[in-house]
Structures are given as structure tokens and as C-alpha cells.
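S.K.: Dropping a structure here in C-alpha cells format, bear with me for questions.
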Amino acid sequence: MDNTTIEKNIQTLLVSIKKSSIYKEYKEQEKILSRSPELAERVSQFRADNFRLQNEGDRSNLFGTVEELARESADLRRDPQVNAYLDAELALCRLIQHVCRTLTAGIDMTIPPL
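As C-alpha cells, then:
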């Protein structure tokens, strides 16, 4: 199997994901949230802050940052629109994680434990 075949299969997987009910629900919730630009911006900022916390490793004020994000999450999730969007995003992320884990598990490659 050459790279062209792999690329074709990746594209097939992408089409399958985009046809899934999980992806369609995510896109629908994204569209609904986008009708409230200020709210969408707050959600976007929350998501960016959460991503940075999980990936950049700045631990100088970890407790305070986590506490602040928890308050912001609770406040945002009181809005049914935001709650539906974040739930749909989580479902899509879990689907992507499942695909990645399945690929990783199916390839004979030694990966050291973290």
C-alpha cells in the first residue's frame, strides 16, 4: 500500500466522520451558537483558556487558574445553548480520540509509557 492509497483512505474516513450524527450535531450546535456573537466569543475564549491550561504547562498559578475556569464553565453551562454546543464538541472530540486510539493500537510501534 502506498501513500496515495493511505491518503485516499484518510479522505474516506473524513467523509465518514462528516456524515456521522455526532459531527452533524456539532455543526448544528455551532451554527446555533454563532447566532449570538458575544456568547460565542465568550465560549471561544473559555475553550482557548482551557486548551492552554491543559497543553502549555504554565503551573505558576495552577489552582487559581483551574478555579477560575471552573467558575467560567459553570456560568457558561447555565445557558442551554452553550451547554448543547460544549456537549456536542465533547462528543466529537471523543470520536476523534477513538479513531486515534484505534489507529495507534493497530500499529506495531513501541511507544514508551509517559
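In the numbering used here, the protein residues as written are 30 to 143.
We treat Cβ as the ideally placed atom computed from N, Cα and C, and that holds for glycine.
Given the structure is predicted, the values throughout are model-derived calculations rather than measurements.
#1: Look up residue 73 in the DSSP assignment and say whether it is helix, strand or coil.
#2: Starting from residue 109, follow the alpha helix (DSSP H) in both directions and report where the run begins and ends.
#3: With DSSP collapsed to three states, give me the class of residue 33.
#4: Three or more C-beta pairs closer than 8 Å, one from the segment 94-112 and one from the segment 30-47: is that the case here?
#5: Going by beta carbon distance, what residues of the same chain come within less than 7 Å of residue 71, once the five residues before and after it are set aside?
#6: I need the DSSP call for residue 144, collapsed to helix, strand or coil.
#7: Ends of the alpha helix (DSSP H) at residue 102?
M.R.: So, to answer that:
#1: helix
#2: 109-135 is the extent of the alpha helix (DSSP H) around residue 109.
#3: Look at residue 33 here: in three-state DSSP terms it is helix.
#4: no
#5: 105
#6: Here the chain covers residues 30 to 143 and nothing more, so residue 144 does not appear.
#7: Residue 102 -> alpha helix (DSSP H) spans 91-106.
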